[in-house]
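**Q**
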Amino acid sequence: LWAHIIFTAITFGGSIYETMVINSVWYSALPGSLGFMTNPEYSVKPGRFWQGLGPIPFLSALLALVFNLFIRNRRGLMLISFACVLIIGMSTIFYFVPILKIIFSPDGGGRTGEELTQLALNWKNGTWLRMALLLLSLVVSIVAIGRSTERSKLIDTQIT
Numbered sequence: 009l010w011a012h013i014i015f016t017a018i019t020f021g022g023s024i025y026e027t028m029v030i031n032s033v034w035y036s037a038l039p040g041s042l043g044f045m046t047n048p049e050y051s052v053k054p055g056r057f058w059q060g061l062g063p064i065p066f067l068s069a070l071l072a073l074v075f076n077l078f079i080r081n082r083r084g085l086m087l088i089s090f091a092c093v094l095i096i097g098m099s100t101i102f103y104f105v106p107i108l109k110i111i112f113s114p115d116g117g118g119r120t121g122e123e124l125t126q127l128a129l130n131w132k133n134g135t136w137l138r139m140a141l142l143l144l145s146l147v148v149s150i151v152a153i154g155r156s157t158e159r160s161k162l163i164d165t166q167i168t
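Next comes the structure, spelled out in structure tokens:
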């Protein structure tokens, strides 16, 4: 559970930084502002960071759920935390990454400047939602760690 809290906090901090500093530049005046990310001179590649870090909150949430599944006071909170991280991961794989591939493709995927701007706006708004889910996962995990570790009586009776 502690590992999940730490890695979720790191991911949340990285998300805030990326949203406020990097993303605000590339979606500020599309399509011209894409030069910041596509010009080799700048070499801004957030994918390097997220490919390494991205799976860790998911795996730590899964492990935290497994290890706390039979602790009555933590079970529901860990299910919420895991569900948040699962939604984030699935939406990233199936929505956010494909949209970025279109936006950062050499010709914008054949999209007009207005279409790219709308895709970027949708991506930006969705990213705020992902960050809210990540924060929820972090908060409920912190609350869970303060809960009693009394195991469920059902499990105790099965063991003895």
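Under the numbering used here, the first residue of the sequence shown is numbered 9, with each subsequent residue one higher. Backbone N, C-alpha and C fix where the C-beta goes; we use that ideal spot for every residue, glycine too.
With S68 as the anchor, note down where its alpha helix (DSSP H) starts and where it stops.
**A** Looking up residue 68 in the sequence shown gives position 60. Unbroken alpha helix (DSSP H) run through S68: P63 to N76.
**Q** Considering only C-alpha positions, which residue in the set G43, N81, V33 and S89 is nearest to L70?
**A** Position 62 of the sequence shown holds residue 70. Checked all of G43, N81, V33 and S89; the closest Cα to L70 is S89.
**Q** Counting Cβ pairs closer than 8 Å, one from the region 78-94 and one from the region 116-129, do we hit at least three?
**A** Because the criterion of three Cβ pairs below 8 Å is not met, the region 78-94 and the region 116-129 do not touch.
**Q** Is the separation between the beta-carbon of S99 and that of T16 shorter than 9 Å?
**A** Position 91 of the sequence shown, counted from the start, is the residue given in the question as residue 99. Position 8 of the sequence shown, counted from the start, is the residue given in the question as residue 16. Not a contact, by the Cβ cut-off of 9 Å.
**Q** Does the separation of the CB atoms of V33 and F44 fall below 9 Å?
**A** As a position in the sequence shown, residue 33 is number 25, starting the count at 1. As a position in the sequence shown, residue 44 is number 36, starting the count at 1. Going by C-beta atoms, V33 is nearer than 9 Å to F44.
**Q** Can you tell me which of I111, Q59, G117 and E26 puts its alpha carbon nearest to the alpha carbon of L38?
**A** As a working mapping, residue 38 is identified with position 30 in the sequence shown. Nearest C-alpha to L38: I111.
**Q** From T157 to R80, what does the alpha carbon distance come to, in whole angstroms?
**A** Position 149 of the sequence shown, counting from 1, holds the residue named residue 157. Position 72 of the sequence shown, counting from 1, holds the residue named residue 80. Looking at the two C-alpha atoms, the distance is approximately 8 Å.
**Q** If distances are taken between C-alpha atoms only, which option among S41, A152, I96 and R155 comes closest to S23?
**A** As a first step, residue 23 must be located in the sequence shown, where it is residue number 15. Taking only the C-alpha atoms, the option nearest S23 is I96.
**Q** Taking just the CA atoms, how far does Y35 sit from L146?
**A** If you number the sequence shown from 1, residue 146 lands on position 138. If you number the sequence shown from 1, residue 35 lands on position 27. Approximately 28 Å, taken between the alpha carbons.
**Q** Do the CB positions of A11 and A72 come within less than 9 Å of each other?
**A** Against the sequence shown, residue 11 aligns to sequence position 3. Against the sequence shown, residue 72 aligns to sequence position 64. Taking 9 Å as the Cβ cut-off, A11 and A72 qualify as a contacting pair.
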